[in-house]
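Going by full-length UniProt numbering, the sequence shown opens with residue 1, and the numbers climb by one from there. Positions of the beta carbon are idealized from the N, C-alpha and C atoms, including for glycine. Note that the structure is predicted; figures quoted are calculated from it, not measured. Structure first, then comments.
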Amino acid sequence: MPKTPISTNNKHSTQYSSQDLDKNNLSSDLHSDLPSADSMQATKPKRNFWPYGILLVILLGVVLISISIRISVKHPVVDDVPFFIKHDDMDSAINDLLESTKALQNDFDFFINANATPTNDEALRPYSPYMRPPHRDKATQNTSPALHTKSLNTIFLRVLNKSNKPQNLRLQAFIQKIGNLEAQEIFIYNPKDSSYSSIKPPKKGEQIPIGELVLQENTQSKDSNKEAIYASPFFMLELEGRWIVSLQINQSDDKNTKSDIVVLEKEFFALPNQSTNTDSGTLQ
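And the structure:
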């Protein structure tokens, strides 16, 4: 019986198998050392969005500041001028203004009314703009004193002389709508041709000039220097609501002298007039 030849490849096969095993082990070791896709995604550094948020806030602030500047330029805050001077000048001269007002009120009593001769009622006494009381919120048809809308109005002033000084007062009347700087307009009536002239303030925030108050009558025949009634030109206004009537009172004989000017004012309500007394005329 012939002997079966022993294959010499077994040793090599074993060796190859060992080498292959070693390679497989090495490959598996290498693969095990490499991070997996999940581990790579898990260990990927997160993006920091804080710088973007800070930049966004800064840009938003710049935009808001630009918008506010644009609005302030288009719609500037307009200061009223109750003493007919700038606020800075008023702050520095307020003591002198109050002293002048007090001195005038020591010599004269003033009572103001609209469309009727004022009595000596304390409610009709004008006051310094510095002492302006809180504004009333509501008014009725019976509210006094009252102006009439779309009707002729005139301001009457009663002056009582408490001293022996001559009553050589120069009186100018002004008016201003409270709370609506865009609606500052009145219409002065011209009796010569029954027409109306539109009057607006010289500058935004300033009062509308009505005109000079003219002496109407002396109520004390024995001593005409003790009491007198003054009246403004006729005027018409269209808007209801609160109005401030201001009086510039000058005791000086020099018309160019402003140091002696005293300002007194009174709040009026403008209400519809049930019996319209407007004359026929044309608004100009």
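Report task. Assign Ile-244 to one of two classes, buried (16 or more other C-beta atoms within 10 Å of its C-beta) or exposed (fewer than that). Result -> Its Cβ being crowded by 16 or more others within 10 Å, Ile-244 is buried.
Query raised in the report: Are there 16 or more other CB atoms within 10 angstroms of the CB of Gln-141, so buried, or fewer, so exposed?
Result: With a pLDDT of 49 at Gln-141, under the threshold of 50, the modelled position of that residue is not reliable, and the figure given next carries that caveat. Counting every other CB atom within 10 Å of its CB across the protein chains shown gives Gln-141 a total below 16, marking it as exposed.
Query raised in the report: Expressed to the nearest angstrom, what Euclidean distance is found between the alpha-carbon atoms of Pro-272 and Gly-61?
Result: Within the model, the alpha-carbon separation for Pro-272 versus Gly-61 is close to 49 angstroms.
Query raised in the report: Of the residues Leu-152, Ile-54 and Leu-64, which one's Cα is nearest the Cα of Pro-191?
Result: Residue Leu-152 is the option with its Cα nearest to Pro-191.
**Report entry** Leu-30 (DSSP reduced to helix, strand or coil)
**Finding:** For Leu-30, the predicted structure reports a pLDDT of 48, less than 50, and the residue's modelled location is therefore unreliable. A value from the coordinates is still provided. Helix at Leu-30.
Query raised in the report: What is the rounded straight-line gap between the Cα of Leu-264 and the Cα of Ile-67?
Result: Near 40 angstroms, if we compare the C-alpha coordinates of Ile-67 and Leu-264.
**Report entry** Identity of the residue in Leu-104, Asn-106 and Ala-146 nearest Leu-124 by Cα
**Finding:** Comparing alpha carbon positions, the residue from Leu-104, Asn-106 and Ala-146 closest to Leu-124 is Ala-146.
Query raised in the report: Are Phe-234 and Thr-149 closer than 8 angstroms when you measure CB to CB?
Result: No, they are not a contact pair.
Query - Counted within 10 angstroms of its Cβ, other Cβ atoms place Ala-116 as buried (16 or more) or exposed - result: Label assigned to Ala-116: exposed.
Requested in this report: Pull up the distance between the alpha-carbon of Ala-228 and that of Asn-120, whole angstroms please.
Outcome: Straight-line spacing of the CA atoms in Ala-228 and Asn-120 works out to 12 angstroms.
Requested in this report: Look up Gln-105 in the DSSP assignment and say whether it is helix, strand or coil.
Outcome: Helix.
Requested in this report: Go ahead and pull the three-state DSSP assignment for Ala-270.
Outcome: Of the three classes helix, strand and coil, the one that applies to Ala-270 here is strand, per DSSP.
**Report entry** For Met-236: DSSP bridge partner residues
**Finding:** Bridge partners of Met-236: Phe-187.
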